[in-house]
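Undergrad:
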Amino acid sequence: DLKQMKPRWLVGTSMLGYGCNITVGVGIPIPILSEEILKYTTVTDADIFAPVIDYSKSFPQMKPDILGEVSYAQLKSGKIVIRGKEVPTASLSSYSRAVEIATILKEWILDRKFLLTEPVAPLPGVESDVTFKPLKERPLEE
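Heads up, the sequence shown stops at 142 in UniProt numbering, and the numbers go up one at a time, no gaps.
1) Would you mind stating whether Lys79 and Glu86 have Cβ atoms separated by less than 8 Å?
2) So the candidates are Phe114, Ile30, Glu137 and Arg97; which of them puts its Cα closest to the Cα of Arg8?
3) What first and last residue would you give for the beta strand (DSSP E) that runs through Ile53?
4) If Val52 sits next to Ile82, beta carbons under 8 Å apart, how far is it from one beta carbon to the other, in whole angstroms?
5) Measuring straight from C-alpha to C-alpha, what distance separates Ile22 and Met5?
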């Protein structure tokens, strides 16, 4: 409910070469109902990998060019090496705010202010045939 949401969790942001964004802080509880779920929630940053993409080139032309793949642990270190070049890294999210949100959510669950229920609907997967229609930018006239 955005009308009741604290402004701290809804922030306007901007990324050079990408444009204006809205950054939203969201907490999602993951009920640990089996050993399999527990296994998936105990992975470390060294176990999670992400593609490295140069958004200043790939995003405007909608041509994904994956420069490499690195772990979250490498990203959090403040630098990565891509194609032999050391590149500084920075987070697009706030780890301290994520911990703050998780703590608030935990308190709500313990105080029974937030009750866990069955999912209303599953999140769409690849099989859902959901397609996105990116905004095509017109070239700037010089």
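Even for Gly, the Cβ is constructed at its ideal location relative to N, Cα and C.
TA: Judging by the given coordinates:
1) Here residue 79 corresponds to residue number 79 of the sequence shown, with the count starting at 1. Here residue 86 corresponds to residue number 86 of the sequence shown, with the count starting at 1. Yes. Within cutoff.
2) As a position in the sequence shown, residue 8 is number 8, starting the count at 1. Selected option, being the one with the closest Cα: Arg97.
3) To locate residue 53, count along the sequence shown from 1; it is residue 53. Residues Phe49 to Ile53.
4) The residue given as residue 52 occupies position 52 in the sequence shown. The residue given as residue 82 occupies position 82 in the sequence shown. Right, their Cβ atoms sit about 6 Å apart.
5) Within the sequence shown, residue 22 is the residue found at index 22, counting from 1. Within the sequence shown, residue 5 is the residue found at index 5, counting from 1. Each residue's Cα considered, the two are about 14 Å apart.
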